[in-house]
Amino acid sequence: MIVLGIESATESVGVALAASDGVLANVEVARGRRHAESIVPCVQFVCERADLELSEVGAIAVDIGPGLFTGMRVGIATAKSLAMALNIPMVPMTSLEVLAAAEAMTDDIIVPVVDARKSEVFWAMYRRTNQGLELLHQPTVGSVDDLVSDLIARDQSSVCVGDGAHRYGDDITAGFSCSIGAAVHPSASVLASEAVLRAIRNETVAEQMVEPVYLRQPDAQINWSTREVRS
């Protein structure tokens, strides 16, 4: 099984090809949120690098957020178009799952934390099992204090990963004894590799079932709502 992974929920764009024996090719470009111009050339690049035809891909994996609204929407739209054209299934994964999957084998609770701006973070909690990642806490958005309260309530050894963990690491570790892992941003290579395992287990969906994960309204919608209240 060969999986093409598209990661565009951050300011960078990443694309990777993976199979059961590892990552075949990957590329990451930082072009200042110019996702629409970057994804297709990246797909072409990894196919050439791996010496594969796109028709050899068996599934498309994509990061469905939370993250940059425009970036993830472009990535999801491109991934769905490819899946439809190739008539193959998809493996949608949240950015929180991708970050958690990047953490090396550990018995600690894995807590991906993504900077949501406005002094908030997105987070979830996972545990590694022989079957993969087990979700312990649904993805949510809130303040760093809210996150620390959840960690204290669970009272288990934890490792926090993601740009939110790195940005607010001092606040998190001051309120609760946990470590900060290495992963900062979701990786297309991790996305594609994890998706291979899920595809082998038939954990795939049709392209029409794939939708972005919004844990908070887009900023433009929030600003418009605020203007309506004030007017």
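Position 107 of the sequence shown, counting from 1, maps to 227 under our numbering, and the rest follow consecutively.
C-beta: ideal position from N, C-alpha, C; glycine also.
>> Please report the distance separating the alpha-carbon of Ala197 from that of Ala205.
In response: 12 Å
> Given Glu217, which residues of its chain have a CB within under 7 Å of its CB, disregarding the five upstream and five downstream residues?
Replying inline: Leu253
>> Out of Ala156, Cys162 and Lys200, which one is the CA nearest neighbour of Thr190?
In response: Ala156
> Three or more C-beta pairs closer than 8 Å, one from the stretch 282-301 and one from the stretch 221-233: is that the case here?
Replying inline: yes
> For the alpha helix (DSSP H) that contains Ile159, what are its first and last residues?
Replying inline: His155 to Ala170
>> To the nearest angstrom, how far is the alpha carbon of Ala139 from that of Glu323?
In response: 15 Å
> Since Glu240 sits in a beta bridge, which residues does DSSP pair it with?
Replying inline: Arg237
> What do you reckon, are the CB atoms on Gly178 and Met225 nearer than 8 Å?
Replying inline: no
>> To the nearest angstrom, how far is the alpha carbon of Ala173 from that of Ala220?
In response: Before going on, a small fix: residue 173 reads as Glu here, not Ala. Going from the Cα of Glu173 to the Cα of Ala220 covers about 30 Å.
> If we count Cβ pairs, one from each stretch, closer than 8 Å, do we get three or more for the stretch 302-311 versus the stretch 250-270?
Replying inline: no
> Roughly how many angstroms separate the alpha carbons of Ile180 and Ser278, rounded to a whole number?
Replying inline: 31 Å
>> Three or more C-beta pairs under 8 Å: does that hold for the stretch 284-296 against the stretch 258-276?
In response: yes
> What are the residues that DSSP puts in a beta bridge with Val147?
Replying inline: Val135
> What are the boundary residues of the alpha helix (DSSP H) that Glu254 is part of?
Replying inline: Here Glu254 belongs to no alpha helix (DSSP H); instead the beta strand (DSSP E) covers Gly252 to Gly262.
> Do Ile292 and Val330 have their C-beta atoms closer together than 8 Å?
Replying inline: no
>> Let's see if you can read the secondary structure: which residues bound the alpha helix (DSSP H) around Ser278?
In response: No alpha helix (DSSP H) contains Ser278, which is instead part of the beta strand (DSSP E) from Ser278 to Val281.
> Which value, in whole angstroms, describes the spacing of the CA atoms of Arg154 and Tyr246?
Replying inline: 32 Å
> If you count every other CB in all the chains shown that lies within 10 Å of the CB of Asp183, and 16 or more means buried, which is it?
Replying inline: buried
>> According to DSSP, Asp183 sits in a beta bridge with which residue or residues?
In response: Met213
> Would DSSP call Ile300 helix, strand or coil?
Replying inline: strand
> Beta-carbon separation of Ala159 and Ile126 under 8 Å?
Replying inline: Position check: residue 159 holds Ile in this sequence, whereas Ala was assumed. In this structure, Ile126 lies closer than 8 Å to Ile159 by Cβ.
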